[in-house]
Amino acid sequence: MENISTGLKWAIGIIVTLLIIAAGISVYLVANGYFTRAQQQTTSQSQMLSQAEYAIYDNKNVTGKDVIDAATRYQDRPEFSVIVRTRINKTGYYTKSSYTNSLYSKNSNNAGAFAVKGAESGLDTGISTTAMTDPSKLESYVNPTGIFSANIYHDENGEVRLVEFVQKGQ
Numbered sequence: 017m018e019n020i021s022t023g024l025k026w027a028i029g030i031i032v033t034l035l036i037i038a039a040g041i042s043v044y045l046v047a048n049g050y051f052t053r054a055q056q057q058t059t060s061q062s063q064m065l066s067q068a069e070y071a072i073y074d075n076k077n078v079t080g081k082d083v084i085d086a087a088t089r090y091q092d093r094p095e096f097s098v099i100v101r102t103r104i105n106k107t108g109y110y111t112k113s114s115y116t117n118s119l120y121s122k123n124s125n126n127a128g129a130f131a132v133k134g135a136e137s138g139l140d141t142g143i144s145t146t147a148m149t150d151p152s153k154l155e156s157y158v159n160p161t162g163i164f165s166a167n168i169y170h171d172e173n174g175e176v177r178l179v180e181f182v183q184k185g186q
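For the sequence shown, the numbering used here assigns the number 17 to the initial residue and increments by one for each residue that follows.
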């Protein structure tokens, strides 16, 4: 009788242990789903916040002062370019950048892709904000009260790589 009692205790112990392990695994699987979803939401919110700074340039009209501010703000950002096209300089120019490989050009075959350009693009490069605010330099002068159409362009990874300003008017 004592052997049966001991055997029952062992069997019940094993069953309880298996139930505890099964409960732990099910809690882990449920929690893992929540953690995965929370991580995805955090990543998407982080990306949305990082792209929010460019929202003011996304297919909007801005003033010349905003153009100069953007050129100043992004001049030291790697892998990033600002193109300005004025009524006098319709071809346009790249603003000053400390990263020479950051000069990009829209690829006409694929609107989302960029090809690295530089001096070979035909655009002037490295125009400083001082030259942009000097009225005697008509090729690069940005009138602070002028109205510009602003557009942003993304690379294959969805990162903003180019802001283009085109002056409106006659």
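Even glycine gets a Cβ: it sits at the ideal position worked out from N, Cα and C.
Residue environment, residue i, which counts as buried when at least 16 other CB atoms sit within 10 Å
i      : result
Val32  : exposed
Asn117 : Below a pLDDT of 50, predicted positions are generally treated as unreliable, and Asn117, at 44, falls in that range; the measurement from the model is reported next regardless. Exposed, by the Cβ-count rule.
Gln63  : exposed
Lys112 : buried
Leu24  : exposed
Limits of the alpha helix (DSSP H) - the one that residue i falls within
i      : result
Arg24  : In the sequence under discussion, the amino acid at residue 24 is Leu, which differs from the Arg named in the question. Start and end: 18 to 68.
Thr146 : 145 to 148
Assumed close pair residue i, residue j - CB separation to whole angstroms, cut-off 8 Å
i      : j      : result
Tyr73  : Ala86  : 7 Å
Glu175 : Asn167 : Not a contact, Cβ separation roughly 15 Å.
Val83  : Val158 : 5 Å
Thr145 : Tyr110 : Not really, about 13 Å apart at Cβ, beyond 8 Å.
Identity of the residue in the options nearest residue i by Cα
i      : options                     : result
Ile163 : Tyr169, Phe96, Asn75        : Asn75
Val182 : Val78, Pro151, Arg93, Gln91 : Val78
Arg103 : Ser21, Gly80, Lys184        : Lys184
Chain D contact for residue i (CB, 8 Å cutoff)
i      : result
Pro160 : Absent from the structure: chain D. Only one protein chain is present.
Endpoints, beta strand (DSSP E) assigned at residue i
i      : result
Ile84  : Careful: Ile84 lies outside any beta strand (DSSP E), inside the alpha helix (DSSP H) at 80 to 89.
Ala195 : The requested residue 195 does not occur in the structure, where the chain is confined to residues 17 to 186.
According to DSSP, residues forming a beta bridge with residue i
i     : result
Ile99 : Tyr110, Glu180
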